[in-house]
Amino acid sequence: MRGSLLCAALLLFLACHPAHAIGGRIHAEIGMKCVDDYLVHSEAMLPGLGKLFSRRDNRRILYQACAFPDWGYGGINQDAGEASHWHPFMRAYADVFRDKGFTPALDAGSQQEMAFFLGAVCHNIADLPWHFSSDGNPSFLAMSDRIDGAGHTDTEIGSDVLRYQKDRLWHWSNLLYYAPMDTLMEVFIRAGVETNRKEVERGIFREGLVLWAGPPATAWFVDDIRRKIPWAEKHIEDYYFGGINHNAAACAVWCRYWYAESVGAHCLQQMPAYGAKHKDTGGYRPYLGVADAALAEDLPENNTGMESFLTVGGAAGARRVSLLRFDLTHLPADTAFSRATLWMCLSGVDGTPPVIEALGLTGSWGEGAGQSDPFNGKTGRVSEGGEVSWTNRPGMTDSTDVPRAAADVDLRQPGGAWLSWDITGLVREWMRGDEHNHGVGLAPVGDGGVAEFYSSQAFRAGPDGYCGGTRIAFRPMLVLLP
Numbered sequence: 001m002r003g004s005l006l007c008a009a010l011l012l013f014l015a016c017h018p019a020h021a022i023g024g025r026i027h028a029e030i031g032m033k034c035v036d037d038y039l040v041h042s043e044a045m046l047p048g049l050g051k052l053f054s055r056r057d058n059r060r061i062l063y064q065a066c067a068f069p070d071w072g073y074g075g076i077n078q079d080a081g082e083a084s085h086w087h088p089f090m091r092a093y094a095d096v097f098r099d100k101g102f103t104p105a106l107d108a109g110s111q112q113e114m115a116f117f118l119g120a121v122c123h124n125i126a127d128l129p130w131h132f133s134s135d136g137n138p139s140f141l142a143m144s145d146r147i148d149g150a151g152h153t154d155t156e157i158g159s160d161v162l163r164y165q166k167d168r169l170w171h172w173s174n175l176l177y178y179a180p181m182d183t184l185m186e187v188f189i190r191a192g193v194e195t196n197r198k199e200v201e202r203g204i205f206r207e208g209l210v211l212w213a214g215p216p217a218t219a220w221f222v223d224d225i226r227r228k229i230p231w232a233e234k235h236i237e238d239y240y241f242g243g244i245n246h247n248a249a250a251c252a253v254w255c256r257y258w259y260a261e262s263v264g265a266h267c268l269q270q271m272p273a274y275g276a277k278h279k280d281t282g283g284y285r286p287y288l289g290v291a292d293a294a295l296a297e298d299l300p301e302n303n304t305g306m307e308s309f310l311t312v313g314g315a316a317g318a319r320r321v322s323l324l325r326f327d328l329t330h331l332p333a334d335t336a337f338s339r340a341t342l343w344m345c346l347s348g349v350d351g352t353p354p355v356i357e358a359l360g361l362t363g364s365w366g367e368g369a370g371q372s373d374p375f376n377g378k379t380g381r382v383s384e385g386g387e388v389s390w391t392n393r394p395g396m397t398d399s400t401d402v403p404r405a406a407a408d409v410d411l412r413q414p415g416g417a418w419l420s421w422d423i424t425g426l427v428r429e430w431m432r433g434d435e436h437n438h439g440v441g442l443a444p445v446g447d448g449g450v451a452e453f454y455s456s457q458a459f460r461a462g463p464d465g466y467c468g469g470t471r472i473a474f475r476p477m478l479v480l481l482p
């Protein structure tokens, strides 16, 4: 009897596992890592987001919801399931929340709905670098094929089988069935996706059943799978493009974005391009509107537009300033916001922590492509063709209305060591058209050490492909709160 049940569970697992998809256990693990490493530490920048995941049930809802977008596969409604993975569906979801009046002060029921949505977001973003190679970065599947010689199905199902045998009690303890059906049907209608309530309920129930049945149904096949995909088993967490750690960081970028969009805010951060997959149909629409560069007084002709770090500080003759610009043209001129905050994540401080002020820029500048090292560069190379440099830099405005910030923080704090500047006045001028948006400059006040921040290009920590690729979560952010 027990063997029959296990065989039935395995058949269900295999039948419901869509082709070319991360398994549900891996998706759920990515989502929980996104919560633990990033989202719970986001309360200061996005009020309500950290609080949302201080509730255990909300974390459990997200964990199981990470399997949701695959609901239509396996003969239920393939087209509707596929549509649940892409930008138009997530945009419709956020718009439904806005129309319902969601704010950062979410009540318990709204928190549950938000947790479910962000679980779906985690699924959809993690799929991209897992499946698709882009910009010279091999996807996780491509690397498994190259090194293990494993087909996509072997890697996808096999990797999930192996993860099901890891921390099984932890996995089961995080499952919580939750299906916000009224909201989901409203989202499908708004997104123009044809389905019905019965189909969606059946698909969600099935995905939950697979998550519950996964550990016992797959235990018999672990040894054989380990022989087939040794590289995938070893590097599923640390591979820099599609591994669990990288995917959790990418999901954090997008969860912050969609949370903000859902509650009447905006969170702008340079997103992973991922080749803008399906951009012609609007499938993946990353925000790529950040330009930044560091300028060095003692390297006056150098441009650093493609470096992974921005530097601010130093003494006379060797000062460092950094420039940033966020494209706001996609926002209506009458966009309402109460506060605009620039957030920068410190990677370290060399010497005495400097005091840093934020200044409006008075002229145009070109970010450039200067790079001395693709992983840890700071100094750039000699500027070309009008690229910004210390010699060729814009002016800066008086900053009496912009608070200063000291770079004296604990670099060991979880979620990154973030500094912030209230630049509400500057952003209001840009949005009204009173001043052209040339961006903001960060400059030291007096002499001191040099603060190093992650730039909009931050990604890999080194040439080793097993560095995690998590720096993307620490790129500069501009947050507009309602």
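Going by my numbering, 201 is the number at position 201 of the sequence shown; the sequence numbering is gapless.
Just so you know, even glycine gets a beta-carbon here, dropped at the ideal spot from N, CA and C.
All of these numbers come straight from a predicted model, not from anything done at the bench.
Report task. Look at the alpha carbon of residue 437 and the alpha carbon of residue 154, and state the distance between them as a whole number of angstroms. Result -> 50 angstroms
Report task. Indicate whether residue 121 and residue 258 have their beta-carbon atoms separated by less than 8 angstroms. Result -> yes
Query - Distance between residue 84 and residue 362 (C-alpha atoms, nearest Å) - result: Taking C-alpha positions only, residue 362 is separated from residue 84 by approximately 44 angstroms.
Requested in this report: Tell me where the alpha helix (DSSP H) around residue 46 begins and ends.
Outcome: Residue 46 -> no alpha helix (DSSP H), and no H or E assigned at all.
Query raised in the report: Is DSSP giving residue 125 helix, strand or coil here?
Result: helix
Query - Runs of alpha helix (DSSP H) lying entirely within the region 205-251, each at least 4 residues, in chain order - result: The region 205-251 contains these whole alpha helix (DSSP H) runs: 222-228 and 230-235.
**Report entry** Distance, residue 34 Cα to residue 475 Cα
**Finding:** Rounded to whole angstroms, the gap between the alpha carbons of residue 475 and residue 34 is 16 angstroms.
Requested in this report: Assign residue 178 to one of three DSSP states: helix, strand, or coil.
Outcome: Coil, per DSSP.
Report task. Helix, strand or coil for residue 34, going by three-state DSSP, please let me know. Result -> Note: residue 34 maps to helix in three-state DSSP.
Requested in this report: Would you mind working out which of 335, 441, 46 and 138 sits nearest residue 242, comparing C-alpha positions?
Outcome: The option with the nearest alpha carbon to residue 242 is 138.
Query - Closest by C-alpha distance to residue 268, when choosing among 217, 225, 344 and 448 - result: Among 217, 225, 344 and 448, the Cα nearest to that of residue 268 belongs to 344.
Query raised in the report: Since residue 137 sits in a beta bridge, which residues does DSSP pair it with?
Result: 134
Report task. Can you say whether residue 352 is buried or exposed, counting buried as having 16 or more other CB atoms within 10 angstroms of its CB? Result -> exposed
Requested in this report: May I have the straight-line CA-CA distance separating residue 210 from residue 177, to the nearest angstrom?
Outcome: 12 angstroms
Query raised in the report: Are the region 41-59 and the region 104-121 in contact at 8 angstroms, needing three or more beta carbon pairs?
Result: Using a C-beta cut-off of 8 angstroms, the region 41-59 makes contact with the region 104-121, since at least three inter-stretch Cβ pairs fall below that distance.
**Report entry** Three-way DSSP call (helix, strand, coil) for residue 474 in this model
**Finding:** Correct three-state label for residue 474: helix.
Query - Sufficient close CB pairs (3 or more, under 8 angstroms) joining the region 424-441 to the region 334-350 - result: yes
Query raised in the report: Name the DSSP beta bridge partners of residue 345, please?
Result: 418
Query raised in the report: DSSP three-state call for residue 255: helix, strand or coil?
Result: helix
Report task. Ignore the nearest five residues each way along the sequence and tell me which others in residue 119's own chain have a CB closer than 6 angstroms to its CB. Result -> 31, 62, 65 and 66
Query raised in the report: Using CA coordinates, which residue listed in 324, 358 and 347 is at the minimum distance from residue 450?
Result: 347
**Report entry** Own chain, CB closer than 6 angstroms to residue 418, minus 5 neighbours either side, in chain order
**Finding:** 343 and 345
Query raised in the report: From the DSSP output, which residues share a beta bridge with residue 535?
Result: The requested residue 535 is not part of the displayed model; the chain covers only 1 to 482.
Query raised in the report: How would you call residue 112, buried or exposed, if buried means at least 16 neighbouring beta carbons within 10 angstroms?
Result: buried
Query - Where residue 63 falls: helix, strand or coil (DSSP) - result: helix
Query raised in the report: Is it true that the CB of residue 424 sits closer than 8 angstroms to the CB of residue 339?
Result: yes
Report task. Would you kindly check if the distance between the Cβ of residue 454 and the Cβ of residue 364 is under 8 angstroms? Result -> no
Requested in this report: Determine, using beta-carbon pairs with one atom in the region 191-204 and one in the region 122-135, whether at least three such pairs fall under 8 angstroms.
Outcome: Contact between the region 191-204 and the region 122-135 is absent, because fewer than three Cβ pairs lie under 8 angstroms.
Query raised in the report: Among the residues of its own chain, which have a CB less than 6 angstroms from the CB of residue 409, if the five just before and after it don't count?
Result: Annotation note: pLDDT 48 at residue 409 (below 50); position unreliable, no value reported.
Query raised in the report: How many Å lie between residue 160 and residue 152 at the Cα?
Result: 12 angstroms
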